[in-house]
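Visitor: Pasting in a structure now, in structure tokens, and then I'll have a few things to ask.
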């Protein structure tokens, strides 16, 4: 650059250099913006795709039938298109999972954040992370071939596929998600609140439950909502261990299909593109997305309502 | 000391003892819950180890799947997983890192940026099977990629994009602002600052995120089933290397394929016990693959935290 400056037209060449520099900066910024915008494009694509494919489904089946029919047999000659059996399977398996994951996840979070000595914490956190990294298909194998036989020793009438065993394993699978998020929220509560509580003579447990947990409520709620979305959207564990027969039941001891298991079942077969059977999986997918969306909105509102700023 | 004082003292001591007992009970409960998580993992791993280890041999890795369980292997599955991961990484890494850099360093404070940020958070909560439906509709049918390695790789890339974006943002945010100011003071442009300083210093953090994302992608089954991957593939995709010019061929991108979790799912869902032994062996390989990747990520993060002193 110094050499160029000593030429007889220093200003114009410096200007050209600056101009090129400016141009390439703008270009790079535009490219980076496009990469960031891809995520928005994905969301739009998901919504557009699910809605258009479902619209062609709802040309054949009325929304009323979809929501109220109690049978889901789209692939039979006598076809019924009632989503209720799939929803009941999803609700029951998720409920079992959450009955395991929410108490155990919360206890783990309180223990790690308020009670555990440093070394236990340093060992438990990566371990829980590893537990969350095990592929779901492996958990499905575990539910079908280990947990179900174990449960059958306690409940001899339990069938080979059941919502109970799928839900239990799903619950254990979700613990790391709930606990790590809830723990992060609890650790974000400032130390002086705890010290104030201890100074008033409260024990660790009282402080954890009455001071730290209310202070971290919005983060803990977010952790629960994440757990619910994971349970509702979980696929492989239920597809392997809960059977794939749509079954309108609220009893966890029975086999039943969830929304996700139905999508897997159809995808394993060979349905032609554009057929009504092909469109059912998009209607099922849209239902699933709406359910998770409702929970995400609830979570967002809870976070806004109870947010504590320190 | 009067009688009533002594009475008070006794009462207070009783209260303190009760509260301390509460603490102790919770401490034991917390440890128990943590133990349940540990025991589950041990049960899962040892069950698979006992069933699957005898099956693991050189032949298992170099044979195609077969109707006879004792001669079936995972050659096409691990080849498929490797190739799909190459596509996933090639798509998710530039997009995710680019979006992370944009959001952290370039994005102005406006509605569009808020929209992108909210969107990335929400994408992380979308069930994986929905990405499968998107890929089925968009990549397989509308763009005409078919049920190929390309479709599967792109589907998984969309799935792990939020993980890579968040990891990139966190890694870049951790770099103190003085580094940026130093670079600007020397006349560096924004991109020079990013590429010469911010990216090299955050490389380890970004790499951690990429590894965690890929470990998640390796185990994902549902989206790949949804795009209709075949489960019985007794051939390999065309080789990426050629004898004649230009020596590299991309035919494999369009080839049908199977991956490790699909192969395992296929074996788990068969009634014969011999196939379930194969499933255990395939699961063992899969778990070791994901656990190694996760452990590597945890180790990288740990080392980073130790060595980093700004």
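Protein chains in written order, with this note's numbering: chain A, 120 to 429; chain B, 80 to 389. All C-beta atoms in this analysis are idealised placements derived from N, C-alpha and C, irrespective of residue type, glycine included. Treat the numbers as computed from the prediction; the structure is a model and nothing was measured.
CA-CA distance, residue 127 of chain B and residue 113 of chain B?
Guide: 22 Å
Visitor: Residue 401 of chain A: buried (16+ other C-beta within 10 angstroms of its C-beta) or exposed?
Guide: By the 10 Å Cβ count, residue 401 of chain A comes out buried.
Visitor: Quick check on DSSP: helix, strand or coil for residue 183 of chain A?
Guide: helix
Visitor: Along the alpha helix (DSSP H) that carries residue 306 of chain B, what are the first and last residues, could you check?
Guide: Looking at the DSSP string, residue 306 of chain B is not in any alpha helix (DSSP H), and its letter there is neither H nor E.
Visitor: What residues from chain A crowd round residue 217 of chain B, counting only those whose CB sits closer than 8 Å?
Guide: 164 and 168
Visitor: Please report the Cβ distance between residue 269 of chain B and residue 184 of chain B, rounded to the nearest whole angstrom; I am assuming they are in contact, meaning their Cβ atoms lie under 8 Å.
Guide: 7 Å
Visitor: Quick check: what's the CA-CA separation for residue 81 of chain B versus residue 423 of chain A?
Guide: Within the model, the alpha-carbon separation for residue 81 of chain B versus residue 423 of chain A is close to 54 Å.
Visitor: Kindly give me the distance between the Cβ atoms of residue 252 of chain A and residue 373 of chain B, rounded to whole angstroms, as I take these residues to be in contact under 8 Å.
Guide: 4 Å
Visitor: When we look at the beta-carbon of residue 275 of chain B and count the other beta-carbons within 10 Å, is it buried (16 or more) or exposed?
Guide: exposed
Visitor: List the residues of chain A that residue 99 of chain B touches, going by C-beta distances under 8 Å, in chain order.
Guide: Going along chain A in sequence order, the residues near residue 99 of chain B (Cβ under 8 Å) are 322.
Visitor: For residue 245 of chain A, which residues in chain B fall below 7 Å Cβ to Cβ?
Guide: Simply 377.
Visitor: What does DSSP give as the partner residues of residue 200 of chain A in its beta bridges?
Guide: A/191
Visitor: Between the Cα of residue 350 of chain B and those of B/148, B/175, B/118 and B/166, spot the shortest distance and give me the residue it belongs to.
Guide: B/148
Visitor: Just confirm the distance between the C-beta atoms of residue 377 of chain A and residue 169 of chain A, as a whole number of angstroms; I'd bet it's less than 8 Å.
Guide: At roughly 18 Å, the Cβ-Cβ gap does not stay under 8 Å, so residue 377 of chain A and residue 169 of chain A are not in contact.
Visitor: Along the region 149-167 of chain B, what residues have a CB closer than 8 Å to any CB found in chain A?
Guide: none
Visitor: For the region 275-295 of chain A against the region 212-220 of chain A, are there 3 or more C-beta pairs whose distance is under 8 Å?
Guide: yes
Visitor: Alpha carbon to alpha carbon, how far is residue 262 of chain B from residue 413 of chain A? Give it in angstroms, no decimals.
Guide: 46 Å
Visitor: Apart from the five residues on each side of it in sequence, which residues of its chain come closer than 7 Å, Cβ to Cβ, to residue 296 of chain A?
Guide: Annotation for residue 296 of chain A: 251, 345, 346 and 349 place their beta carbon closer than 7 Å to its own, counting only its chain and skipping 5 residues before and after.
Visitor: Straight-line CA distance for residue 163 of chain A to residue 277 of chain B?
Guide: 31 Å
Visitor: Going along the chain, which residues of its own chain have a beta-carbon closer than 7 Å to the beta-carbon of residue 382 of chain A, five neighbours each way excluded?
Guide: 400, 403 and 404
Visitor: Could you name the residues of chain A that residue 331 of chain B contacts, counting a contact when the two beta carbons are closer than 7 Å?
Guide: Correct list: empty, because the minimum Cβ distance to chain A is about 23 Å.
Visitor: Going straight from the alpha carbon of residue 204 of chain B to that of residue 139 of chain A, what length do you get?
Guide: Distance between the alpha carbons of residue 204 of chain B and residue 139 of chain A: 42 Å.
Visitor: Of the residues B/132, B/85 and B/152, which one's Cα is nearest the Cα of residue 312 of chain B?
Guide: Among B/132, B/85 and B/152, the Cα nearest to that of residue 312 of chain B is on B/152.
Visitor: Which residue comes first and which comes last in the alpha helix (DSSP H) that contains residue 274 of chain B?
Guide: Looking at the DSSP string, residue 274 of chain B is not in any alpha helix (DSSP H), and its letter there is neither H nor E.
Visitor: Do you know offhand how far residue 383 of chain B's Cα is from residue 258 of chain B's?
Guide: 18 Å
Visitor: By Cβ distance below 8 Å, which residues in the same chain neighbour residue 363 of chain B in space, the five residues on each side in sequence not counted?
Guide: 127, 128, 131, 132 and 135
Visitor: Where does residue 127 of chain A sit, in a helix, a strand or coil, going by DSSP?
Guide: Below a pLDDT of 50, predicted positions are generally treated as unreliable, and residue 127 of chain A, at 49, falls in that range; the measurement from the model is reported next regardless. Secondary structure at residue 127 of chain A: coil, using DSSP grouped into helix, strand and coil.
Visitor: Answer yes or no: does any C-beta atom of chain B fall closer than 9 Å to that of residue 351 of chain A?
Guide: yes
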